[in-house]
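Note sheet for the following structure.
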Ligand code: PTJ
């Protein structure tokens, strides 16, 4: 109890183990839900299958997502426990770059967790956090989980919503409200992945920094160029290419006798 595990730098899985420790530490601080530990493990398994690298369809989706966020009039970044634990600094940077507020939106919503996530993001440089306490006073229609509670200044009135690590019930409801949904989900088969307008099948620890790079690259692009990047993107096609990539990778590995 309370003993901090040191992960040797030369450990072959050091990066993954550090992410795991981050999630565990943040569960202790009340940021990550207990179920978030399990969700992380599911993510790790999919990440292992794609090779723990950003694969070409994910990069393509990230560029389209950056263009969509730049085109948005009211973009909002939804933050849950796992996202806050893994990439707090990067989420704050993204929020500032895009002038897109961060909104706490939780499946396992408790006052303690809302406050812990808000504190964590403020400690990483955020200035305003939406969706905490009474601020989550609007309701997403036809949604029955705690995720239905949203901030009228944030997700409720957003045109584009970035939802990292979704659990499937909200993307459909947001789409029914006419919103454009960008998901980050390592599982290309999940309901969220299948329902979103743009799905980035990548680990959030790579996807958000990649998005920041694309935003830098596209900041000066014309509206027409940004619109053309978004309209050329086909989520179903990109997900098929992701699954084909995984199939081909596994076939190659099986031939190598792995
Ligand atoms: O913080 P809360 O209360 O909102 O709870 C959040 C969790 C994550 C517990 C909740 O949304 C949940 O149970 O999610 P699921 O149904 O396990 O779905 C999470 C999805 O995120 C799965 O498809 C995972 O593969 C994926 N995932 C996990 N870790 C990562 C990830 N995707 C991208 N990057 C990751 N690091």
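Numbering (my numbering), first residue to last: 5 to 262.
Glycine included, every Cβ here is placed at the ideal spot set by N, Cα and C.
*Element boundaries [beta strand (DSSP E), containing residue 107]*: What you label residue 107 is simply residue 103 of the chain shown in a count that begins at 1. Its beta strand (DSSP E) spans residues 106-108.
*Grouping DSSP H, G and I as helix and E and B as strand, with all else coil, what is residue 5?*
Indexing the chain shown from 1 puts residue 5 at position 1. No answer about residue 5 holds up, because its pLDDT of 42 lies below 50 and its placement is not dependable.
*Contact check, residue 169 vs residue 186, beta carbons under 8 Å*: Here the question's residue 169 lines up with position 165 in the chain shown. Here the question's residue 186 lines up with position 182 in the chain shown. No, these two residues do not count as a Cβ contact at 8 Å.
*Quick one: any contact between the stretch 149-162 and the stretch 115-130, if contact means 3 or more CB pairs under 8 Å?*
Between the stretch 149-162 and the stretch 115-130 there are fewer than three C-beta pairs closer than 8 Å, too few to call the two in contact.
*Output the boundary residues of the alpha helix (DSSP H) element that contains residue 99.*
Here residue 99 refers to the residue found at position 95 when the chain shown is read from its first residue. Counting along the chain, the alpha helix (DSSP H) containing residue 99 begins and ends at 92-102.
_Limits of the unbroken alpha helix (DSSP H) element including residue 213_ = In the chain shown, the residue the question calls residue 213 occupies position 209. If you look at residue 213, you'll find it in the alpha helix (DSSP H) that goes 208-222.
_Collapsed DSSP secondary structure at residue 136 in the structure displayed_ = Walking along the chain shown from the start, residue 136 turns up at place 132. Under the three-state reduction of DSSP output, residue 136 falls in the coil class, being neither helix nor strand.
*Would you decide whether residue 7 is buried or exposed? Buried here means 16 or more other CB atoms lie within 10 Å of its CB.*
As a first step, residue 7 is located in the chain shown; it is residue number 3 there, counting from the start. Residue confidence for residue 7 is low, a pLDDT of 47 falling below 50, so the modelled location carries little weight and cannot support an answer.
*Between residue 180 and residue 258, what straight-line distance do the alpha-carbon atoms span, to the nearest angstrom?*
Residue numbering aside, residue 180 sits at position 176 when the chain shown is read from its first letter. Residue numbering aside, residue 258 sits at position 254 when the chain shown is read from its first letter. Their Cα atoms are separated by approximately 42 Å.
*Thinking C-alpha only, which one of 193, 152, 30 is nearest residue 178?*
Within the chain shown, the letter at position 174 stands for residue 178. Closest by C-alpha distance to residue 178, out of 193, 152, 30, is 152.
*How would you label residue 183, buried or exposed, when you count the other beta carbons within 10 angstroms and need 16 or more for buried?*
Indexing the chain shown from 1 puts residue 183 at position 179. Note on residue 183: 16 or more other CB atoms within 10 angstroms of its CB, so buried under the neighbour-count rule.
*What is the DSSP secondary structure of residue 79, reduced to helix, strand or coil?*
On the chain shown, residue 79 is found 75 positions in, with the first residue counted as 1. Strand.
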